[in-house]
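Asks: Take a look at this one; I'll ask things after.
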Amino acid sequence: MASASAVSTTVSTSLSTDSGGTGRTRARQRARDWAEIQERMLVPLYEAVYDRLEVGPATSVLGLGCRSGLALLLAAGRGAEVVGLEPEAELRSLAQDRSLRVMGDVYREMSADGGDGGSEAGGSAAHPAAHSLVTAFEHLSCIADPLALVQDAARLTLPGGHVALATWGPPERCESAAVLGIARRLADPLRRGPYAPFALSVPGAVEQMVARAGLRLGGGGRVLCPFAYPDLESAVRGLLSMGVFDAAADYSGQRQVEKEVTEALHPYRRDDGSVRMLNVFRYTVAERPRQ
Numbered sequence: 005m006a007s008a009s010a011v012s013t014t015v016s017t018s019l020s021t022d023s024g025g026t027g028r029t030r031a032r033q034r035a036r037d038w039a040e041i042q043e044r045m046l047v048p049l050y051e052a053v054y055d056r057l058e059v060g061p062a063t064s065v066l067g068l069g070c071r072s073g074l075a076l077l078l079a080a081g082r083g084a085e086v087v088g089l090e091p092e093a094e095l096r097s098l099a100q101d102r103s104l105r106v107m108g109d110v111y112r113e114m115s116a117d118g119g120d121g122g123s124e125a126g127g128s129a130a131h132p133a134a135h136s137l138v139t140a141f142e143h144l145s146c147i148a149d150p151l152a153l154v155q156d157a158a159r160l161t162l163p164g165g166h167v168a169l170a171t172w173g174p175p176e177r178c179e180s181a182a183v184l185g186i187a188r189r190l191a192d193p194l195r196r197g198p199y200a201p202f203a204l205s206v207p208g209a210v211e212q213m214v215a216r217a218g219l220r221l222g223g224g225g226r227v228l229c230p231f232a233y234p235d236l237e238s239a240v241r242g243l244l245s246m247g248v249f250d251a252a253a254d255y256s257g258q259r260q261v262e263k264e265v266t267e268a269l270h271p272y273r274r275d276d277g278s279v280r281m282l283n284v285f286r287y288t289v290a291e292r293p294r295q
């Protein structure tokens with residue numbers, strides 16, 4: 005079983021974090037912008053996965069990297085029991101304000117409820133592996149070792165349960181691709197980190213990780229998720245709230261990042277001033293074998 009620190013570190017994004025006041029202020033603003041602007045853009049993805057797996061009262065959902073918790077709220081609305089892991093404190097606080105149980109460390113905090121954080125899967129309801137569905141909706145493309153995240157998800161899933169993994173679709177099907185490219189181009193070339201949103205869009209990439217994690221492939225699908233904003237300012241704030249531009253802001257400056265993101269969005273402005281980009285996301289469903 006993976007250690008508590010391993011799971012928490014795996015789910016953490018690889019973005020630069022400034023422990024000073026400027027970085028903390030930016031993190032708080034980014035969290036609010038995510039909750040108020042950006043997270044609803046992925047609702048079609050969440051709903052497609054929940055429909056596919058018939059999420060309901062018999063489902064126990066663990067959201068890895070659940071951010072401010074909208075996906076968990078939607079599952080809870082279907083009657084599911086939900087819990088989340090979000091290592092970023094500002095996002096975790098927003099999720100907790102929604103009366104969601106969201107932790108910074110799955111093993112340590114669940115074990116405090118009486119489960120044995122070091123035993124194998126299939127224990128009591130307090131056991132960290134007692135989940136019929138484990139989701140990774142946003143973090144898979146943002147971490148240094150996505151395979152480790154898939155392996156952790158497998159360990160946290162009950163035998164017979166499911167893991168749902170989401171990635172960006174092919175870059176040619178995602179109008180946000182040019183904007184996302186700014187995040188890497190403006191970052192320190194020697195410390196760019198692993199962010200490569202379309203690395204896992206290559207056919208077979210996710211399937212290989214599923215097999216290496218000991219999971220059985222169970223299908224998947226593609227979902228259209230329009231990124232739609234009422235104006236250019238909201239679009240910039242929403243996109244920057246994803247966190248993927250932090251390393252670029254640290255290296256090239258926040259103003260430069262905002263300037264280039266704004267310029268990249270101009271082709272997607274409409275006559276009424278709104279901004280709309282069509283993006284395709286892909287989800288993969290895998291099952292943890294019973295034996």
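Using my numbering, the letters of the sequence shown correspond one by one to residues 5 to 295. For glycine and all other residues, C-beta sits at the position ideal for the given N, C-alpha and C.
Bridge partners of Tyr-287, per DSSP?
Replies: One-based indexing of the sequence shown puts residue 287 at position 283. Ala-170, Gly-225.
Asks: Tell me whether Met-114 is buried or exposed, calling it buried when 16 or more other Cβ atoms sit within 10 Å of its Cβ.
Replies: In the sequence shown, the residue the question calls residue 114 occupies position 110. Reliability fails at Met-114, whose pLDDT of 45 lies under 50, so the model's placement of it is uncertain and the value that follows must be treated cautiously. With 16 or more other Cβ atoms within 10 Å, it is buried.
Asks: Taking a contact to mean a Cβ-Cβ separation below 8 angstroms, would you say Ser-205 touches Pro-174 in this structure?
Replies: Counted from its first residue, the sequence shown places residue 205 at position 201. Counted from its first residue, the sequence shown places residue 174 at position 170. A contact, by the Cβ cut-off of 8 angstroms.
Asks: Checking the sheet assignment: what are the DSSP bridge partners for Val-87?
Replies: For the purposes of this step, residue 87 is taken as the residue at position 83 of the sequence shown. Answer is Leu-66, bridged to Val-87.
Asks: Apart from the five residues on each side of it in sequence, which residues of its chain come closer than 6 angstroms, Cβ to Cβ, to Ser-64?
Replies: For the purposes of this step, residue 64 is identified with residue 60 of the sequence shown, where counting begins at 1. Once the five neighbours on either side are set aside, the close Cβ partners of Ser-64 are Glu-85, His-135, Ser-136.
Asks: With a cut-off of 8 angstroms on the beta carbons, I'd call Ala-52 and Leu-98 a contact; round off their distance for me.
Replies: Taking the first residue of the sequence shown as position 1, residue 52 is located at position 48. Taking the first residue of the sequence shown as position 1, residue 98 is located at position 94. Incorrect: roughly 24 angstroms between the Cβ atoms, too far for contact.
Asks: Please determine if the region 100 to 110 and the region 58 to 78 are in contact, where contact requires at least 3 C-beta pairs separated by less than 8 angstroms.
Replies: The answer is yes - the region 58 to 78 touches the region 100 to 110, with three or more Cβ pairs under 8 angstroms.
Asks: Considering Leu-137, what are the terminal residues of the beta strand (DSSP E) in which it resides?
Replies: By 1-based counting over the sequence shown, the position of residue 137 is 133. Start and end: 137 to 140.
Asks: Between which two residues does the alpha helix (DSSP H) carrying Met-213 extend?
Replies: Within the sequence shown, the letter at position 209 stands for residue 213. Note, Met-213: alpha helix (DSSP H), 209 to 216.
Asks: Hey, how far is the Cα of Arg-216 from the Cα of Ala-232?
Replies: Here residue 216 is taken as the residue at index 212 of the sequence shown, counted from 1. Here residue 232 is taken as the residue at index 228 of the sequence shown, counted from 1. About 37 angstroms.
Asks: Could you pull out every residue in the same chain whose Cβ sits closer than 8 angstroms to the Cβ of Pro-151, ignoring the five residues on either side in sequence?
Replies: Indexing the sequence shown from 1 puts residue 151 at position 147. Correcting the residue identity first, residue 151 is Leu in this sequence and not Pro. These residues qualify, in order along the chain: Met-213, Arg-216, Ala-217.
Asks: For Glu-267 and Ala-239, what's the separation of their Cα atoms in angstroms?
Replies: Here residue 267 is taken as the residue at index 263 of the sequence shown, counted from 1. Here residue 239 is taken as the residue at index 235 of the sequence shown, counted from 1. Roughly 12 angstroms between the two C-alpha positions.
Asks: Secondary structure at Arg-259, three-state DSSP: helix, strand or coil?
Replies: For this step, residue 259 is matched to residue 255 along the sequence shown. Three-state result, Arg-259: helix.
Asks: Asp-235 to Gly-277, Cα distance in whole Å?
Replies: Here residue 235 refers to the residue found at position 231 of the sequence shown. Here residue 277 refers to the residue found at position 273 of the sequence shown. When rounded, the distance between both Cα atoms is 5 angstroms.
Asks: What did DSSP end up calling Ala-158 once you bin it into helix, strand or coil?
Replies: Counted from its first residue, the sequence shown places residue 158 at position 154. Reduced to three states, the DSSP call for Ala-158 is helix.
Asks: Check for me: the beta strand (DSSP E) holding Arg-280 runs from which residue to which?
Replies: Residue mapping note: residue 280 aligns to position 276 of the sequence shown, counting from 1. Looking at the DSSP string, the run of the beta strand (DSSP E) that includes Arg-280 is 279 to 281.
Asks: Could you tell me how far apart the beta carbons of Tyr-54 and Ala-93 are, in whole angstroms, since I believe they sit closer than 8 angstroms?
Replies: Numbered from its first residue, the sequence shown carries residue 54 at position 50. Numbered from its first residue, the sequence shown carries residue 93 at position 89. With 8 angstroms as the limit, Tyr-54 and Ala-93 do not qualify as a contact, their Cβ atoms being about 27 angstroms apart.
Asks: Of the residues Gln-258, Thr-288, Gln-260, Ser-180, which one's Cα is nearest the Cα of Arg-273?
Replies: Translated into positions along the sequence shown, residue 273 becomes position 269. Answer by Cα proximity: Ser-180.
Asks: Grab me the residues of Val-183's own chain with a C-beta within less than 7 angstroms of its C-beta, minus the 5 sequence neighbours each way, in chain order.
Replies: The residue given as residue 183 occupies position 179 in the sequence shown. Cβ within range, chain order: Leu-243, Val-265, Ala-268, Leu-269.
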